[in-house]
Structures are given as C-alpha cells and as structure tokens.
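Okay, so here's the structure we're looking at.
Numbering (the numbering used here), first residue to last: 4 to 157.
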C-alpha cells in the first residue's frame, strides 16, 4: 500500500508542477490562440488532473497518517486553485471550461477542502468527492462529445 501511495503522491506532484508551468505559459501568452490539437491536449491534461483528484477524494479516508492526508489535501487545493486561475484562458480553448457549473463546483471543492485542513470531516469529504466526480464526469462527457463531433466531420 505504501508503494501505491508514494507513486500516487509523486504523480500528483508532477501534475501540479506541470500545471504551475502551464499557468506561467498562459500568463505570458495571453493573446495566442492555440490550435485545436493543443486545445485537446490541454483538455486531456485536465482530465488526468480531475481523475487523480477524484481518486484522491474517494480514497483519502483510508490513509492512517494525518500528515499524508494533510499533504494530499494541500496538493489538491493547489491544483484546484491553479485550475481556477487558468479557467479564463481555458474557456477560450474550449467551451467546456466556460461552463459556469464547472467553476462553481471547483470553488465548492476548494472551500470544503480548506475546511477539512482545519478539522477532518467525513461529510465534507463525501460532498467534496461528489463534486469532484461531477467535474471529472462533465469533462469526460465534453471530451467524448467533441471527439464524436470530430469523427462525424471526417
């Protein structure tokens, strides 16, 4: 189990680091309109992030060490905060990121996780997990719909 947790933490750290780099690129290249291929890659990147965060929130209660729980919550908060900062740019790439429900759900998860850093709460964890799963499923649906549209156009 420890090896799995270590690999999970390492992968999440890598995704957050890539997210930080992408935010820096976004801030420097505000006016550049990327190609549809770049848009799809960015969307898939965020799909990976949301999948990891959803898995994290669904399984974090099984960790026994409080310091690992706190660290994973902090990583999740950092990732979600970077996502919120990126949303205006991401919405120019794809309409799925312009969805008001998406931003609202991400903000709700942030609030719940911040509260959980102060005091562990199973109910807040359950609610945060539901919101994160909803965000992940929404993004998956949009990507599936987009790929079907591209296939039909071919």
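Every residue, glycine too, gets a C-beta built ideally from N, C-alpha and C. Bear in mind the structure is a predicted one, so any value in this text is a computation, not a measurement.
Contact defined as beta carbons within less than 8 Å: I believe residue i pairs with residue j. What is the distance between those atoms, to the nearest angstrom?
i: residue 119; j: residue 107; result: At roughly 19 Å, the Cβ-Cβ gap does not stay under 8 Å, so residue 119 and residue 107 are not in contact.
Assuming contact is defined by CB atoms lying nearer than 7 Å, are residue i and residue j in contact in what I supplied?
i: residue 60; j: residue 132; result: yes
i: residue 97; j: residue 34; result: no
i: residue 80; j: residue 22; result: no
i: residue 57; j: residue 145; result: no
i: residue 113; j: residue 142; result: no
Would you tell me roughly how many angstroms separate the C-alpha atoms of residue i and residue j, rounded to the nearest one?
i: residue 42; j: residue 12; result: 27 Å
i: residue 26; j: residue 89; result: 6 Å
i: residue 109; j: residue 116; result: 11 Å
i: residue 99; j: residue 32; result: 21 Å
i: residue 48; j: residue 17; result: 12 Å
i: residue 150; j: residue 37; result: 18 Å
i: residue 111; j: residue 123; result: 16 Å
Three or more beta-carbon pairs under 8 Å between the segment 50-57 and the segment 134-152, yes or no? In this structure the segment 50-57 touches the segment 134-152; the number of beta carbon pairs closer than 8 Å is three or more.
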